[in-house]
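Have a look at the structure below before the remarks.
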Amino acid sequence: MALSPTPAPPPASDPVLELRGINKSFGAVHVLRDVDLSVYEGQVTALVGDNGAGKSTLVKCIGGIHTADSGEYFFDGAPVTVNSPRDASDLGVEIVYQDLALCDNLDIVQNMFLGRERRRGWVLDEDSMEQIAEETLAGLSVRTVSSIRQRVSSLSGGQRQTVAIAKAVLWNSKVVVLDEPTAALGVSQTAQVLELVRRLADNGLAVVLISHNMNDVFAVADRIAVLYLGRTAAQVSTSEITHSQIVELITSGQTEALGPGAGRNGVNR
Amino acid sequence: MTSSVLPLADKSESDAPESPVVTHVKDYLARLRGGDTGAMPAVLGLVVLCTVFAIMRPRFLSAGNFANLFTQGAAVTVIAMGLIFVLVLGEIDLSAGFASGVCAAVLAVLLTEHGWPWYLGVLAALVVGMVIGLLLGVLVAKVGIPSFVVTLGAFLAFQGVSLLLVKGGTNVPVRDSTILAISNRNLAPIVGWLLAAATVGGYAALQLRRNRNRSRRGLSAEPIAITGIRVGTLAILVGLAVYVLNQERSRNVVISSLRGVPIVVPVLVVLLLLGTFVLRRTPYGLSLYAVGGNREAARRAGINVDRVRISAFVICSTMAAIGGIVAASRANSVDSNTGGSNVLLYAVGAAVIGGTSLFGGKGRVLDAVLGGAVVAVIDNGMGLMGYSAGVKYVVTGVVLLLAAGVDALSRRRAEAAGLR
């Protein structure tokens, strides 16, 4: 396998989640072509690419909403098949979608446990859910909500994002994929959410961050994976690439510094 | 929003000098201003209406009329309780009125023309209600026809079924003493008191247990004073109602004594408790709110949305069947117009007046009782004042529109204030 000129960061361990040669077509449209992606514990892997590069489709393949036409899905080094969202969450892979999927009319605790409520017999175990939700938020050092019994409709965009992320973390997940978590946020809220993203990785989770904002990417990501027209253009360490090189990769699929080969299979393994 | 949100640590400090009761009242007022009106408009309306009617027609306050209110409003209230489940989803069931009529007709025909015992007749009526709900639910959830259209079609069809069952313009008398007892007989006064004591005692015990469990886990528990006020208010209201209902209502005591809580009241209370338990305390109830609030989020959370939607229609139509049985009991007979004319609109009106939103995601079974009381008071009070049915319809229609207007406006206000 051709190595990119700038070898990837020290993958201290093997990737917790690895995709190899993923293909996905919708009818005649070939959206993903031999895409590779490696995600490591304790690291934030940014997934970047222009509109239509296949980021969302790739995320849906990871999350089990789409099934890849071909390719391999490894989790903890073992090949697995993921055909439904349930399969993904059973593995410990949680996706926070861009539209968050929160119910405005329910409170924070109810949203965090939605569909997986704790119960005693037929009855909801409200108290233990509230306690666990509070512990989870405290564990993420979230101090911006005044009461976890307030309805989600009363929260700001950043707080909603926080709740959605906390919901994903609640289930002892190993991999959390965040689809554009800062897209609709103001400056200070973006900072809060990025801080939270960083904290997730520091707590040992593998985090995949999809973003259009290069400042965000360089602020928190350890590694960057670039998609260009459905192909993996590069997977590199953040410390070994510049802002302009990333932009070049996003817009043209290759960059001088990484050599001409990077555009086709500039993967780092 | 962000600026007004306090970090957790600061909150306990800033609240420390304030008594918990004051905080509680302040929270309530803030919610009220934010458009989360809760039961307030219905309770206020009830107080105003009762005051006006009591002044204009003192007989409105008599024990006899008070008992009448319950028996008059019971059927509509039960149908409204079922409608809450469908309204929480953001759907509507326009056929609930005639569904109750069909179930009542099934009951009456089986009892009177085929001599079935009452329990089999009731069972048959309930099964018919469930099947109706299943049919409506499948058409809405699986076929994908808007509930408005499905139930409008069913409204017409059930009217026809009702006509066919009672054979044209005749009416089918109900003579079974058990069925008639629901709306026409009363509990012995002592039984009324015992049930009242059990209700208040049970409520107090539940509240105290909840508070104890929460403080043991270190969660914020309701201040004891607020619990006391709530239990006390309930005790006074229930005690007063039972006291009045236990007064002698018969015009001629020598011929027959008429006192005690009408049997339909405990029936309503049991349905209220059961419905509230299902909506508030079970995962199923939560899934109803989730589907009503954000169907896509519910689907992604692994909730079987189709099944939840179908089940809500089944509950609604089954409650309509119970409402039909109550109506048959009150009228001593069933005709082709049972559950027809204003019954459905009164039921929808009761739910909306009580505070259930037509936009989905919000509603309590208690709303049906409060709203049902408002509708019954208007109907009863205006009858006492001697107004014709025409005027009553106009006034009830206006009140329904008023409640729907409050719903829409408070929703807009709540969106602006970030509450909904």
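As they're listed, the protein sequences go chains A and B. Numbering of the first sequence is given in our numbering, commencing with residue 1 and proceeding in unit increments. Numbering of the second sequence is given in our numbering, commencing with residue 1 and proceeding in unit increments. Just so you know, even glycine gets a beta-carbon here, dropped at the ideal spot from N, CA and C.
- request: Output yes if chain B places a C-beta closer than 8 Å to the C-beta of PRO85(A); else output no.
  value: yes
message: What residue range does the alpha helix (DSSP H) around GLY45(B) cover?
response: 40-56
- prompt: Any C-beta of chain B sitting closer than 8 Å to the C-beta of CYS61(A)?
  reply: no
message: Using a 10 Å radius around the Cβ and a threshold of 16 neighbouring Cβ atoms, would you call ARG432(B) buried or exposed?
response: Chain B is shown from 1 up to 420; residue 432(B) falls before or after that span and cannot be answered.
field: Min CB distance SER14(B) to chain A below 8 Å
entry: Low per-residue confidence applies at SER14(B): pLDDT is 42, beneath 50, and the placement is therefore not dependable, though the value from the model is reported in the following sentence. Not one chain A Cβ lies under 8 Å of SER14(B).
message: Using a Cβ-Cβ cutoff of 7 Å, what residues of the segment 95-113 of chain A are near chain B? List them in chain order.
response: Listed in sequence order: ALA101, LEU102, CYS103, ASP104, ASN105, LEU106, GLN110.
C-alpha gap between PRO9(A) and VAL236(A), whole angstroms: Any reading at PRO9(A) must be qualified, since the residue scores a pLDDT of 49, below 50, and its modelled position is unreliable; no value is offered.
message: Quick check on DSSP: helix, strand or coil for GLY97(B)?
response: helix
message: For GLN192(A) and TYR97(A), what's the separation of their Cα atoms in angstroms?
response: 18 Å
- prompt: LEU358(B) and LEU87(B): beta carbons closer than 8 Å?
  reply: yes
- prompt: In chain order, what residues of the same chain lie with their CB nearer than 7 Å to the CB of ALA423(B), ignoring the 5 residues before and after it?
  reply: An answer regarding residue 423(B) cannot be provided, because it is not within the stretch 1 to 420 covered by chain B.
message: Quick check on ARG307(B): does DSSP put it in helix, strand or coil?
response: In the structure shown, ARG307(B) sits in a helix (DSSP, three-state: H, G or I).
query: At a Cβ cut of 8 Å, what residues of the segment 190-209 of chain A count as close to chain B, listed as they run along the chain?
result: none
- prompt: In chain A, which residues lie less than 7 Å from LEU214(B) when you measure between Cβ atoms?
  reply: Correcting the residue type first, residue 214(B) is Arg in the shown sequence and not Leu. Neighbours of ARG214(B) on chain A, chain order: ASP127.
message: Assuming GLN235(A) is part of the alpha helix (DSSP H), what are its boundary residues?
response: That residue, GLN235(A), is in no alpha helix (DSSP H); its beta strand (DSSP E) goes 231-237.
- prompt: Between VAL265(B) and PHE70(B), is the Cβ-Cβ spacing less than 8 Å?
  reply: yes
message: Between the alpha carbons of LEU195(B) and GLY64(B), how many angstroms are there, rounded?
response: Approximately 21 Å, taken between the alpha carbons.
query: Sorry if obvious, but does the Cβ on PRO283(B) come closer than 7 Å to a heavy atom of the ligand PLP?
result: The model on display carries no ligand, and the ligand PLP is accordingly not part of it.
- prompt: Taking just the CA atoms, how far does ASP50(A) sit from ARG420(B)?
  reply: Unreliable placement is indicated for ARG420(B), whose pLDDT of 43 sits below 50; no coordinate value is reported for it.
- request: Please go through the same chain and pick out, in chain order, the residues whose beta-carbon is closer than 7 Å to the beta-carbon of VAL128(B), but skip the five residues on each side of it.
  value: VAL102, CYS103, VAL106, ALA321
- prompt: What separation, rounded to the nearest whole angstrom, lies between the Cα atoms of SER239(A) and ASP222(A)?
  reply: 8 Å
task: For the beta strand (DSSP E) containing THR45(A), list its first residue and its last residue.
output: 44-49
message: Under 8 Å, CB to CB, which of the residues in the segment 150-176 of chain A have a partner in chain B?
response: ARG151, SER153, SER154, LEU155, SER156, GLY158, GLN159
- prompt: What's the gap between the Cα of ASP202(A) and the Cα of THR190(A)?
  reply: In this structure, the alpha-carbon of ASP202(A) lies about 18 Å from that of THR190(A).
- request: Please state if the CB of TRP193(B) and the CB of VAL242(B) are separated by a distance shorter than 8 Å.
  value: yes
field: Candidates ASP93(B), ASN213(B), GLN207(B), LYS142(B), of which the one nearest ILE226(B) by Cα
entry: GLN207(B)
task: Check whether the Cβ atoms of LEU209(A) and ALA46(A) sit closer than 8 Å, and answer yes or no.
output: yes
- request: Under 8 Å by Cβ, that's how I've got VAL247(A) and VAL220(A) pegged, so tell me the actual separation to the nearest angstrom.
  value: Not a contact, Cβ separation roughly 18 Å.
- request: Give the secondary structure of PHE26(A) by DSSP, where H, G and I count as helix, E and B as strand, and everything else as coil.
  value: strand
- prompt: First and last residue of the alpha helix (DSSP H) that includes GLU134(A)?
  reply: 126-139
- request: Count the C-beta pairs between the segment 147-154 of chain A and the segment 333-348 of chain B that are closer than 8 Å, then say yes if the count reaches three, no if not.
  value: no
query: Between TYR28(B), MET81(B), LEU29(B), which lies nearest to THR356(B) when the distance is taken from Cα to Cα?
result: MET81(B)
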